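Going left to right, the sequence shown walks through residues 1 to 108 as full-length UniProt numbering numbers them.
For each residue, glycine too, the CB sits at the ideal point set by N, CA and C.
Since this is a predicted model, take the numbers as computed values, not measurements.
To keep things clear, I will list the structure first and then write my remarks on it.
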Amino acid sequence: MLAGATSKARMGDDIKMISNPEAAAVDAFETLMDEDVEEHFKVNRGDNVLVCHSSMTAADATTYAVGKSKDSLEEAVAGEGNQSGANVIDEALERQMTRKFGSNFTKL
């Protein structure tokens, strides 16, 4: 039933695949270009914005240039990522807390 509904609505005629960091950037830009966003958070046409994205296993940073139209977003500086995502940060924090608080922390 869902397949029939989506084909009648012509959903799926134009599918573009993008990476997870790119999807996060698009979502952030849509929010930051909204009229209701406070002025000092707004992203305007012509701005360059550094977007940092972290998942459980990887981190990535890319600089985007906002084009002349609201829907135009270009990669200004290619993204660089590594395998140091949230898991690595969590493990480092746990080691530091254990060193500082010892068994008081590990018993939590």
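How about residue i and residue j: are their beta carbons less than 8 Å apart?
{"i": "V26", "j": "R45", "result": "no"}
{"i": "E75", "j": "Y64", "result": "yes"}
{"i": "H53", "j": "D60", "result": "yes"}
{"i": "A78", "j": "T62", "result": "yes"}
Helix, strand or coil, according to DSSP, for residue i in the structure here?
{"i": "E22", "result": "helix"}
{"i": "N44", "result": "coil"}
{"i": "V49", "result": "strand"}
{"i": "D13", "result": "coil"}
So the candidates are the options; which of them puts its Cα closest to the Cα of residue i?
{"i": "G82", "options": "K100, N48, M56, V37", "result": "Sequence inspection shows Asn at residue 82; the Gly mentioned does not correspond to that position. Here the closest residue by C-alpha is M56."}
{"i": "L50", "options": "E22, A58, A86", "result": "E22"}
{"i": "A28", "options": "A86, M17, I89, K42", "result": "K42"}
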